[in-house]
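Numbering (this note's numbering), first residue to last: 37 to 324.
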């Protein structure tokens, strides 16, 4: 064997070794990618512009209850309802046109349970930079959405409890003695709060079997005509329950408002101070 043949054989041996090494590296890389794709907790798929599946992972196959080998090459039209596929195709068309990733939510049934997924889709490009396929990764967000719903429910309960506390603080009802309740009003009084005053007052009279209810408005700096009318309605409602209203602490500005609406206060006791109002109630509670 001459030297030229030996050189060719040596070169062939070297080439075969390089090919074997490349094939081994390629197989290892393929095993790595397969491991990532098929062990991912997300649904993974690749489809071409004709809506044909080029790749799916095991979880995708589990969702549609098919084998992986049976899915590759199929179109989504063969697997999903027509209206759903039509919506997906429109989204795919826009993605191919813009090249921008998109995301959306959808739901699938897995092992008899409906699970919510957040899907992210993005284009895949060939060596010329042209998009040839779409890759989708769908993450199960069922537990996250359930936790968010529970958090929202809890937040709503907390808000409702806070609002109830604020209502009680804004319209406190204090039982002073048998048959007497006191409601001191402080700060501004709008129509909403005036309505709350009426509700709390009527409930308190019924709860404590009160014959006299003292409304102390010393802490009210002013009152508009709408609120004044609401307050008078509250006193009339108290009278319907067979109880008496004692209105204390009327300021000059509130007095002017009551006069401007020609309020009939003949059936309401109006002592100047809370102290005198309490004294009146203690003296007359058994007479009502």
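Cβ atoms here follow ideal geometry from the backbone N, Cα and C, with glycine treated the same way.
Here the structure is a predicted model, which means the values were calculated and not measured.
Across the structure, residue 282 and residue 288 are spaced so that their CA atoms are roughly 17 Å apart. A Cβ-Cβ distance of about 7 Å is found for the pair residue 153 and residue 141, placing them in contact under the 8 Å criterion. With a threshold of 16 other beta carbon atoms within 10 Å, residue 83 meets it and is buried. By the C-beta density criterion, residue 56 is exposed, having fewer than 16 other C-beta atoms within 10 angstroms. Taking a contact as a CB-CB distance under 8 Å, the pair residue 263 and residue 225 counts as one, their CB atoms being some 5 Å apart.
The beta carbon of residue 136 sits closer than 8 Å to none of the beta carbons in its chain outside the five residues before and after it. Three or more Cβ pairs drawn from the region 243-251 and the region 206-221 lie within less than 8 Å of each other, which places the two stretches in contact. Around residue 231, the same chain offers 266 as residues with beta carbons nearer than 7 Å, after the five sequence neighbours per side are excluded.
Contact between residue 169 and residue 90 holds, since their C-beta atoms are separated by about 6 Å, short of 8 Å. In the three-state reduction of the DSSP assignment, residue 83 falls in the strand class.
Taking the CA atoms as reference points, residue 102 sits about 28 Å from residue 62. Taken through DSSP and simplified to helix, strand or coil, residue 142 comes out as strand. Beta-bridge partners of residue 161 (DSSP): 167. Taking the C-beta atoms as reference points, residue 309 is found nearer than 9 Å to residue 254. Rounded to the nearest angstrom, the Cβ distance from residue 315 to residue 279 is 18 Å, too far for a contact under 8 Å. Taking the Cα positions, residue 134 is about 10 Å away from residue 128. Residue 318: member of the alpha helix (DSSP H) spanning 310-320, first to last residue.
The three-state reading of DSSP puts residue 282 in strand, counting E and B together. 9 Å or more divides the Cβ of residue 209 from the Cβ of residue 180. Under the 8 Å Cβ criterion, the region 103-121 counts as touching the region 71-88, having at least three qualifying pairs. Shown here for residue 73: same chain residues with a beta carbon closer than 7 Å to its own, the five before and five after excluded, namely 80 and 93 in chain order.
Ranked by Cα distance from residue 71, the first of 95, 50 and 59 is 95. Beta-bridge pairing by DSSP links residue 153 to 142 and 176. Burial is judged here by how many other beta carbons sit within 10 angstroms of a residue's own beta carbon; residue 313 has at least 16 and is buried. The three-state reading of DSSP puts residue 217 in strand, counting E and B together. Judged by their CB atoms, residue 150 and residue 173 are not nearer to each other than the 9 Å cut-off.
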